[in-house]
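Below is one structure, written out as structure tokens; comments come after it.
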Amino acid sequence: MTSGRIRKAKAVRRPTRLGLALAALAVLGAAGLVAPAHAGQRTAVIPTQTIYPGETIVGSKLEEVDVTNPNVVEGFAGRISDVVGKVSKRTLLPGRVIMTSAVREAYAVERGTTVQMVVAVGTLRISAKGSPLQDAAVGDLIQLRNIDSGVIVAGTVMSDGTVEVVTK
Numbered sequence: 317m318t319s320g321r322i323r324k325a326k327a328v329r330r331p332t333r334l335g336l337a338l339a340a341l342a343v344l345g346a347a348g349l350v351a352p353a354h355a356g357q358r359t360a361v362i363p364t365q366t367i368y369p370g371e372t373i374v375g376s377k378l379e380e381v382d383v384t385n386p387n388v389v390e391g392f393a394g395r396i397s398d399v400v401g402k403v404s405k406r407t408l409l410p411g412r413v414i415m416t417s418a419v420r421e422a423y424a425v426e427r428g429t430t431v432q433m434v435v436a437v438g439t440l441r442i443s444a445k446g447s448p449l450q451d452a453a454v455g456d457l458i459q460l461r462n463i464d465s466g467v468i469v470a471g472t473v474m475s476d477g478t479v480e481v482v483t484k
């Protein structure tokens, strides 16, 4: 006969998926196989002093900071090397991120100066002096006035400051 007592069966707890995932994450984290949360954190470049339009940006006026606002828009400079040597298009205020659209490459040729124009056709190479009709950076297509003849020609600005004339 059975006694009037009924034994309660002990509940066997099975690990849940969440529990298993957390345990695995803890093991991987302890082994150093999971990157810390701040590893994917972005940095931004901010000026430490006001930088005015047309001013060449120098590293001594810049600082890299961690981006803590997840809602900050894209398009800002992430490293100091991204903006050093470039020229500011607008006023850059201290403590504000520098947007890449707010800087430009320094001009390789400036309007009104004298530059060397070069025309190369096969092995024939002719050079003359010209005056750019606008400011331009390396790789820009500009118009120049040939100083000797007064003829306006188009050319591409090269890294050495010369302009390679486009032939028809």
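Numbering (the numbering used here), first residue to last: 317 to 484.
By construction, the Cβ of each residue, glycine as well, lies at the ideal position given by its N, Cα and C atoms.
What you are looking at is a predicted structure, and each value in this text was computed from that prediction instead of being measured.
{"query": "State yes or no: is the C-beta of V437 within less than 9 Å of the C-beta of E480?", "result": "no"}
{"query": "Going by DSSP, what residue range makes up the beta strand (DSSP E) through G270?", "result": "Lying outside 317 to 484, the shown extent of the chain, residue 270 is not represented and no answer is given."}
{"query": "Do V419 and T393 come within 9 Å of each other at the CB atom, strictly closer than that value?", "result": "Residue 393 is actually Ala in this sequence, not Thr. Yes."}
{"query": "Are R412 and D382 close, meaning C-beta to C-beta below 9 Å?", "result": "no"}
{"query": "Measure the alpha-carbon distance for I442 versus E371 and round it to whole angstroms.", "result": "36 Å"}
{"query": "Helix, strand or coil for I463, going by three-state DSSP, please let me know.", "result": "coil"}
{"query": "Give the single residue among V389, L408, V403, S404 whose Cα lies nearest to the Cα of I362.", "result": "L408"}
{"query": "By how many angstroms is the C-alpha of V374 removed from the C-alpha of N385?", "result": "26 Å"}
{"query": "May I have the straight-line CA-CA distance separating A452 from A424, to the nearest angstrom?", "result": "6 Å"}
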